[in-house]
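Read left to right, the sequence shown gives residues 7 to 435 (this note's numbering).
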Amino acid sequence: MLFISGEKSKGVLVDVESKIIQRQYVVGQLHRYAAAYNPNKHLVLANEARGCSLFLTPSMQQPVMRSFTPSPLTSCAITSCGTFMIAGNELGSLFSWNLLSGQLLKNFKAHLRKVNCIAISHNNTLVVTASDDSMCKVWTLSSLLTSELRDVQPVVAFAGHSLGVNCCVFFHNCEIVVSGASDCTCRVFDAFSGEQLRLLTVGDVVTAVAVSEDDLDLAVGTSRGYLHFSSFHPAESIQILPVKPQPPQQMSQAVVCKPREDGHHSPINFLGYCSKQSSSLVLSVSENGAVLWYDSKSGCLFKELMPPQKWRIHSCCYLEAPPEITKKPSCAGLSKNPLDSIQGNYLLYKVVEKESSKLASGGDTEGARKRLRNINEAADHEPVDGSLADQKTRDEEAELADLIKKNKELNELRVKMMAKLRKVKLSQK
């Protein structure tokens with residue numbers, strides 16, 4: 007199934023095999039890679055450009071939950087277990103959430119400019135981020151989830167591109183990254199060493215990449231609607247192990263599919279080897295609304311899923327057909343802050359110090375003495391680990407005593423003012 011979000015707040019869930027629209031949603035504008043699928047809860051997490059995250063399920067039209075994030079997210083990725091989500095924003099910051107509890111685990115500056123795409127390796131150990139600063143950085147997932155490490159350093163910072171990196175993806179069976187950028191190149195590099203292994207040059211800005219499940223074929227989409235299908239191991243090459251280290255090699259001759267008026271003639275937003283029928287079929291989605299199946303071996307159009315639409319497509323993501331969900335799935339909202347003070351018990355240590363300073367300064371001495379006496383009595387009779395609720399009750403009682411005192415002072419002042427008014431009236435007569 008394919009989730010598609012576009013203009014006019016349209017969102018649809020389409021069965022890629024039967025062409026049936028399973029569900030329609032109301033979704034705001036999304037960035038290209040700001041939607042991800044949670045396989046654990048069978049939910050689509052759509053991060054709108056206005057800073058609101060929607061939890062969508064195939065079983066109902068209304069969102070399961072709406073949650074506001076610290077800033078609008080431009081890209082996101084969810085681990086295969088559905089437990090954690092890594093996201094980025096326009097300022098180059100990275101966020102990591104625990105989707106089971108909704109807790110924000112980490113928030114730090116990772117890039118100089120917008121984070122365009124995030125990918126997680128299939129064994130959930132590495133994370134790669136692509137940014138407009140022309141950098142592609144690889145991180146360990148554990149370093150993005152722990153709160154003990156404040157200064158997070160990437161494993162590799164790949165600087166092979168000369169312009170902004172728009173998309174990235176991991177191989178399925180090894181830690182190799184494919185990245186596409188605005189410099190019209192698609193580069194393959196090792197995630198641990200940063201060594202460039204392959205280079206594919208196209209005549210246009212690269213907007214989407216995909217790797218087949220056997221890691222043999224590569225699909226590349228561009229901003230003008232071109233599709234390039236290439237192989238990492240061409241059949242005509244001699245399969246002999248090299249004796250000496252080889253320099254970075256060019257990709258095999260690519261099969262190019264040109265834009266068509268009745269097909270792709272705008273930027274490619276999504277590519278994926280998603281077919282259960284054949285491993286060579288590639289699902290492609292363009293900004294003009296066309297959703298097509300292509301044969302990557304021949305470059306021919308295999309099947310049309312959706313013709314070009316009158317509304318533009320902003321974002322889409324692929325999801326496995328979930329089982330029949332009979333009840334509303336549960337989920338937790340995304341927290342804005344790393345710590346939630348409501349979930350624990352806390353003790354205010356500087357209350358005595360604060361009241362003592364008030365007493366020394368001479369302001370509100372009676373109220374300060376009373377509050378200080380109450381605090382000392384509470385400290386003598388209560389355990390050290392008092393809850394925040396008890397402290398709040400004592401503060402409210404102290405505030406109430408101050409209000410009563412001020413009310414008495416105002417009444418006395420009112421009586422004095424009335425007496426002065428009577429004297430003035432008598433003197434005028």
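Idealized CB from N, CA, C, for every residue including glycine. Just so you know, these numbers come straight off a predicted model, no measurement behind them.
Could you check what DSSP says for residue i in three-state terms: helix, strand or coil?
| i | result |
| --- | --- |
| Arg420 | helix |
| Asn46 | coil |
| Gln434 | helix |
| Thr191 | strand |
| Thr213 | strand |
| Ile27 | strand |
| Thr80 | strand |
| Lys309 | strand |
| Ser148 | helix |
| Asn129 | coil |
| Glu54 | strand |
| Asp401 | helix |
| Lys429 | helix |
| Asp138 | coil |
| Asp408 | helix |
CB-CB under 6 Å to residue i, same chain, minus the five flanking residues each way: which ones, in chain order?
| i | result |
| --- | --- |
| His178 | His128, Glu219, Asp221 |
| Val262 | His234 |
| Tyr324 | Leu8, Gly278, Cys280 |
| Gly295 | Pro314, Gln315, Ile319 |
| Tyr43 | Val50, Cys323, Leu325 |
| Gly17 | Ser11, Tyr31, Val33 |
| Asp189 | His167, Ser168, Leu169 |
| Leu247 | Reliability of the predicted coordinates at Leu247 is poor, the pLDDT of 41 falling under 50, and the value obtained from them is presented with this limitation in mind. Hits under 6 Å: none found. |
| Pro273 | Thr213, Ser229, Glu293 |
| Gln434 | none |
| Leu340 | Ser59, Ser73, Thr75, Trp103, Gly108 |
With distances taken between CB atoms, is the gap from residue i to residue j smaller than 8 Å?
| i | j | result |
| --- | --- | --- |
| Asn130 | Gly88 | no |
| Val144 | Cys192 | no |
| Gly231 | Ser292 | yes |
| Cys123 | Cys180 | no |
| Trp103 | Leu110 | yes |
| Cys142 | Val175 | no |
| Pro69 | Leu19 | no |
| Trp317 | Glu23 | no |
| Pro344 | Asn53 | no |
| Leu4 | Asp301 | As shown, the chain starts at 7 and ends at 435. That puts residue 4 outside it, with no answer to give. |
| Phe90 | Leu100 | no |
| Leu206 | Val217 | no |
| Gly186 | Val215 | yes |
| His48 | Pro335 | yes |
Could you name the residues of the same chain whose beta carbon sits closer than 8 Å to that of residue i, not counting the 5 residues immediately before and after it, in chain order?
| i | result |
| --- | --- |
| Met424 | none |
| Leu419 | none |
| Val133 | Ala83, Ile92, Ile124, Ala125, Ile126, Ser127, Val144, Trp145, Thr146, Leu147, Leu150 |
| Ser86 | Pro45, Ile126, His128, Asn130 |
Which same chain residues end up closer than 7 Å to residue i when comparing Cβ atoms and leaving out the 5 residues on each side of it in sequence?
| i | result |
| --- | --- |
| Ser81 | His37, Tyr39, Ala40, Ala93, Gly94, Val121, Asn122, Cys123, Ile124 |
| Ser107 | Ala338 |
| His239 | Leu222 |
| Gln259 | none |
| Lys303 | Ser286 |
Using 8 Å for Cβ pairs, my map puts residue i next to residue j. What's the rounded Cβ distance?
| i | j | result |
| --- | --- | --- |
| Val183 | Phe195 | 6 Å |
| Ala165 | Ser137 | Rounded, the Cβ-Cβ distance is 11 Å, inconsistent with contact. |
| Phe236 | Asn275 | The sequence shown places Ser at residue 236, rather than the Phe named in the question. Their Cβ separation, rounded to whole angstroms, is 20 Å, which puts Ser236 and Asn275 out of contact at 8 Å. |
| His270 | Leu298 | 7 Å |
Any Cβ of chain D within less than 8 Å of the Cβ of residue i?
| i | result |
| --- | --- |
| Ile92 | Absent from the structure: chain D. Only one protein chain is present. |
Problem set entry | Meets three-Cβ-pair contact criterion under 8 Å: the segment 71-82 and the segment 306-321 | no
Exercise. Do three or more CB pairs link the segment 149-159 to the segment 194-207 at distances below 8 Å?
Worked result: no
Exercise. Do the segment 47-62 and the segment 111-118 touch if we need at least three Cβ pairs shorter than 8 Å?
Worked result: no
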